[in-house]
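To keep things clear, I will list the structure first and then write my remarks on it.
In my numbering, the protein residues as written are 125 to 414.
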């Protein structure tokens with residue numbers, strides 16, 4: 125049997141005016157916000173909500189087991205785990221085509237993330253595809269597209285803080301968009317590690333598999349960039365130094381790096397590693413960057 129929500133409860137929540145339609149018959153609650161929307165419109169876009177609406181009238185649509193609740197004569201559905209802000213973006217995107225247009229139209233980071241998560245959770249294919257299109261402009265899969273991010277991205281990645289980067293990575297994992305993970309991890313990896321480990325979002329990952337994966341990726345990025353730098357230094361030796369000894373060792377070390385890429389270039393490049401000892405003083409200083 126359906127139960128009506130008391131006036132005291134109604135006073136504790138707030139209606140969202142732009143998403144409260146008097147002729148609608150279902151109300152969604154996220155946190156302390158209420159959204160009165162049209163059952164037919166929502167069901168036509170979301171298979172999950174369509175299934176909820178198909179439940180018997182005496183069943184609880186939010187899984188609480190207490191029967192359906194109503195407010196102002198409308199079925200009440202509580203959305204557990206979803207923020208009111210995210211749900212507002214989600215319903216706006218369903219109702220207003222101009223609110224969340226596909227690229228090359230731009231959007232906001234919070235809007236894209238919210239719609240990516242909820243369109244995946246509630247199975248709204250057209251919004252899910254659109255959110256992926258926006259994310260791919262910032263986390264592309266080709267180098268040419270990555271190099272042109274500043275001119276083609278839906279939102280400016282340079283304006284994202286470290287918490288945003290971590291949130292984006294968490295979102296990509298939740299929605300299964302693994303093909304964008306390399307670019308997303310790289311975007312975080314080029315930040316200062318001191319800044320990253322001191323931010324609130326990083327601390328919430330303590331001991332998780334995601335934190336371990338990010339640290340491993342960080343190590344690989346740092347190692348790769350250092351190796352490229354060493355390659356450049358060694359090849360430059362052949363240009364700047366006329367001594368046959370230095371040129372010979374430079375060629376040998378490039379071959380060695382290519383043959384044993386798994387060895388840590390940070391250790392090899394250190395003075396203690398003996399990496400620069402065979403060269404003349406000028407070339408040794410150049411390789412060490414001193």
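For every residue, glycine included, the Cβ atom is placed at its ideal position computed from N, Cα and C.
Just checking: is the beta-carbon of residue 231 within a distance shorter than 7 Å of some beta-carbon in chain B?
Absent here is chain B; the protein component of the structure consists of one chain.
I need the straight-line Cα distance from residue 276 to residue 146, nearest angstrom please.
For residue 276 and residue 146, the distance between alpha carbons rounds to 41 Å.
Do you know how far the Cα of residue 295 is from the Cα of residue 307?
Roughly 14 Å between the two C-alpha positions.
Among 252, 266 and 339, which one has its Cα closest to the Cα of residue 304?
The candidate whose alpha carbon is nearest that of residue 304 is 266.
Taking residue 161 as the reference, which of 155, 151 and 299 has the closest Cα?
Comparing Cα positions, the closest option is 151.
Whether or not the stretch 172–181 and the stretch 217–229 are in contact is what I'm after, with contact meaning three or more pairs of Cβ atoms, one per stretch, closer than 8 Å; do they touch?
Touching, no, given that fewer than three Cβ pairs across the two stretches are closer than 8 Å.
Any idea which residues DSSP pairs residue 160 with across the strands?
Answer is 144 and 151.
In three-state DSSP terms, what is residue 309?
Residue 309: helix per DSSP, three-state reduction.
Could you have a look at residue 333 and say whether DSSP puts it in helix, strand or coil?
Helix at residue 333.
Compute the Euclidean distance between the alpha carbons of residue 278 and residue 404, then round it to the nearest angstrom.
C-alpha separation (whole angstroms): 51 Å.
For residue 170 versus residue 246, is the C-beta spacing smaller than 7 Å?
In this structure, residue 246 lies closer than 7 Å to residue 170 by Cβ.
Roughly how many angstroms lie between the CA atoms of residue 268 and residue 262, to the nearest whole one?
So the alpha carbons of these two residues sit roughly 12 Å apart.
Sorted by chain position, which residues of the same chain lie with C-beta nearer than 7 Å to residue 136's C-beta, five sequence neighbours on each side aside?
Contacts found: 156.
Taking all protein chains shown into account, do 16 or more other C-beta atoms lie within 10 angstroms of the C-beta of residue 302, making it buried, or fewer, making it exposed?
The residue in question, residue 302, is exposed, as its Cβ has fewer than 16 Cβ neighbours within 10 Å.
For residue 312, which residues in the same chain have their Cβ closer than 6 Å to its Cβ, ignoring the five residues on either side in sequence?
Closer than 6 Å at the Cβ level, and outside the excluded window around residue 312, lie 289.
Report the three-state DSSP secondary structure of residue 315 (helix, strand or coil).
Residue 315 falls in the coil class under three-state DSSP.
Rounding to the nearest angstrom, what Cα-Cα distance links residue 167 and residue 286 in this structure?
Residue 167 and residue 286: Cα-Cα distance of roughly 37 Å.
Measure from the alpha carbon of residue 141 to the alpha carbon of each residue in 242, 159, 149 and 148, then state which is nearest.
Closest by alpha carbon: 159.
Who are the Cβ neighbours of residue 235 in its own chain at under 7 Å, not counting the five residues just before and after it?
Answer for residue 235: 213 and 224, listed in chain order.
Roughly how far, in whole angstroms, is the beta-carbon of residue 240 from the beta-carbon of residue 291, given that I think they are within contact range, below 8 Å?
11 Å between Cβ atoms; not a contact.
Taking the C-alpha atoms as reference points, what is the distance between residue 386 and residue 309?
Caution is warranted here: a pLDDT of 48 is assigned to residue 386, below 50, making its placement in the model unreliable, and the coordinate value is therefore given only provisionally. Rounded to the nearest angstrom, the two C-alpha atoms are 20 Å apart.
Just grab the DSSP bridge partners of residue 139 for me.
Answer is 158.
Name the two residues that bound the continuous alpha helix (DSSP H) containing residue 193.
First-last for residue 193: 193–195, but that is the beta strand (DSSP E), not the alpha helix (DSSP H).
Are the CB atoms of residue 243 and residue 251 nearer to each other than 7 Å?
In contact: residue 243 and residue 251 (Cβ atoms closer than 7 Å).
Could you give the distance in angstroms between the alpha-carbon of residue 264 and the alpha-carbon of residue 271?
If I take the Cα positions, the gap works out to 10 Å.
Using CA atoms only, rank isn't needed, just tell me which of 334, 298 and 339 is closest to residue 318.
Here the closest residue by C-alpha is 339.
Can you give me the C-alpha to C-alpha distance between residue 321 and residue 300, rounded to a whole angstrom?
Distance between the alpha carbons of residue 321 and residue 300: 25 Å.
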